[in-house]
Structure formats: C-alpha cells, structure tokens
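*Asks:* Letter by letter, the sequence shown follows residues 981 to 1130 in my numbering. Here it is: the structure, laid out below.
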Amino acid sequence: ADDPFWQVKPGDPGPDNQFDIAVYDRGALALQALRNEVGDDTFFELLKGWPAEHAHANANVGDFVRYAERVSGRPLAALFDTWLYEPSRPAAPAAADAGLAEAALSARSAARVERPASWKKIAATNTVHDHGDHGHGERPDRGHAVHEHH
C-alpha cells in the first residue's frame, strides 16, 4: 500500500500525476475489471457505443459510469470507485472478482507466454516514461542543454 503506484488515483490524479504511468496502467486495470464484471458482449457494446454517443462533446468519468450502468443494467459505481478513486491497491476480493489474480497466476504458470506484436513498442514507451528523456537519450546529467517547457 506504500507503493507510489497505488497512491495515484487514475480518476483524479491531480496536476502533478496526470501523466504518471499509474494513470494508464490502473486505468487499464479498471477497464479489465469492468469487462470481467459485465462480460465481453456488454463490454464491447460499451466501447462501441460510448464514442458514438459522445461524438463532438465533452464527457467525464461520471458520465461514463452512468452510461456503463445504463447499458449493462448493473450498478457499477462501487467498481469504478475501487479502481479509479482509491489511493491504494484494491483489496484481494476486488482483484479476485476482476479475475486479475487468476490471470496473473495463469501467466506465471504458463511454460512460455507469447508477447503481443506491440510489446516492443509498449516497453519502449514505458522506458521513455521511466527515464524522462523522450526517447532521445538527452538528459541534463549528460551535459546536454536543458529546455524548459512552460
């Protein structure tokens, strides 16, 4: 629980954390929890319908929660609160309900897990985030000019 990754709330990360990798990774975990809760058919219906319903408009997390509840016919506010607004790792029952423990165990026990074709690009993106060099290898501690962004 002391891990900074779990302290960032993806639904409201604040200005200092809005681009933190935890926002993206925990957001993905929230979507997986939603998928496990509502099933594949409803999940993909949500993904297809959401952009169509909100084309050329603004929307926020609350709008998506209400939309997901309407389409799925299920109460989902607690699921989203757990995964998006709690500054801690979801409790074991929430993770188990999301199927994440089984997925992790399955991945670990597999003899060889094939990585998707996009893995190399994802790993490179995470490296850029970790090193802050934007993929150019230029960092202030290496004697290169520092450009401030305002």
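For each residue, glycine too, the CB sits at the ideal point set by N, CA and C.
If you drop the 5 nearest sequence neighbours on each side, which residues of the same chain put their C-beta closer than 7 Å to that of P993?
*Replies:* Counted from its first residue, the sequence shown places residue 993 at position 13. Closer than 7 Å at the Cβ level, and outside the excluded window around P993, lie D1000 and V1003.
*Asks:* In whole angstroms, what is the alpha-carbon distance linking E1049 and D982?
*Replies:* As a working mapping, residue 1049 is identified with position 69 in the sequence shown. As a working mapping, residue 982 is identified with position 2 in the sequence shown. If you take the alpha carbons of E1049 and D982, they lie about 32 Å apart.
*Asks:* Among G1019, R1006 and G1042, which residue has its Cα nearest to the Cα of S1068?
*Replies:* Residue numbering aside, residue 1068 sits at position 88 when the sequence shown is read from its first letter. Nearest C-alpha to S1068: R1006.
*Asks:* Buried or exposed for F985, please, with buried defined as at least 16 other CB atoms from any protein chain shown within 10 angstroms of its CB.
*Replies:* Translated into the one-based positions of the sequence shown, residue 985 becomes position 5. Counting Cβ neighbours within 10 Å, F985 comes out exposed, since fewer than 16 surround it.
*Asks:* On the DSSP letters alone, give me the boundaries of the alpha helix (DSSP H) that G1029 sits inside.
*Replies:* Position 49 of the sequence shown, counted from the first residue, corresponds to residue 1029. D1020 to E1033 is the span of the alpha helix (DSSP H), which, as asked, contains G1029.
*Asks:* Determine whether the beta carbon atoms of A1103 and L1059 lie at a separation below 8 Å.
*Replies:* Here the question's residue 1103 lines up with position 123 in the sequence shown. Here the question's residue 1059 lines up with position 79 in the sequence shown. Result no, Cβ atoms of A1103 and L1059 do not sit closer than 8 Å.
*Asks:* First and last residue of the alpha helix (DSSP H) that includes E1049?
*Replies:* Position 69 of the sequence shown, counted from the first residue, corresponds to residue 1049. Per DSSP, E1049 belongs to the alpha helix (DSSP H) from V1041 to S1052.
*Asks:* To which residues of the same chain is D996 closer than 7 Å at the C-beta, ignoring the five residues directly before and after it?
*Replies:* Along the sequence shown, one-based indexing puts residue 996 at 16. No residues qualify anywhere along the chain.
*Asks:* Label R1054 either buried or exposed according to how many other C-beta atoms from any shown protein chain fall within 10 Å of its C-beta, with 16 as the threshold for buried.
*Replies:* Taking the sequence shown and counting its residues from 1, the one referred to as residue 1054 is at position 74. Exposed, since its Cβ has fewer than 16 Cβ neighbours within 10 Å.
*Asks:* Under 8 Å between the Cβ atoms of V1051 and G1019?
*Replies:* Position 71 of the sequence shown, counted from the start, is the residue given in the question as residue 1051. Position 39 of the sequence shown, counted from the start, is the residue given in the question as residue 1019. Contact flag unset, no.
*Asks:* Would E1017 and L1056 be called neighbours here (beta carbons separated by less than 8 Å)?
*Replies:* Here residue 1017 refers to the residue found at position 37 of the sequence shown. Here residue 1056 refers to the residue found at position 76 of the sequence shown. Contact: yes.
*Asks:* Determine the extent of the alpha helix (DSSP H) in which F999 is found, giving its start and end residues.
*Replies:* Translated into the one-based positions of the sequence shown, residue 999 becomes position 19. Segment: none, F999 is in no alpha helix (DSSP H) and carries neither H nor E.
*Asks:* I need the straight-line Cα distance from V988 to V1045, nearest angstrom please.
*Replies:* Working through the sequence shown from its first residue, we reach residue 988 at position 8. Working through the sequence shown from its first residue, we reach residue 1045 at position 65. Straight-line Cα distance between these residues: approximately 20 Å.
*Asks:* According to DSSP, is N1038 helix, strand or coil?
*Replies:* Here residue 1038 is taken as the residue at index 58 of the sequence shown, counted from 1. Looking at N1038 - three-state DSSP - the assignment turns out to be coil, as it is neither helix nor strand.
*Asks:* Can you look up E1066 in the DSSP assignment and give me helix, strand or coil?
*Replies:* In the sequence shown, counting from the first residue as 1, residue 1066 sits at position 86. It is coil, neither helix nor strand.
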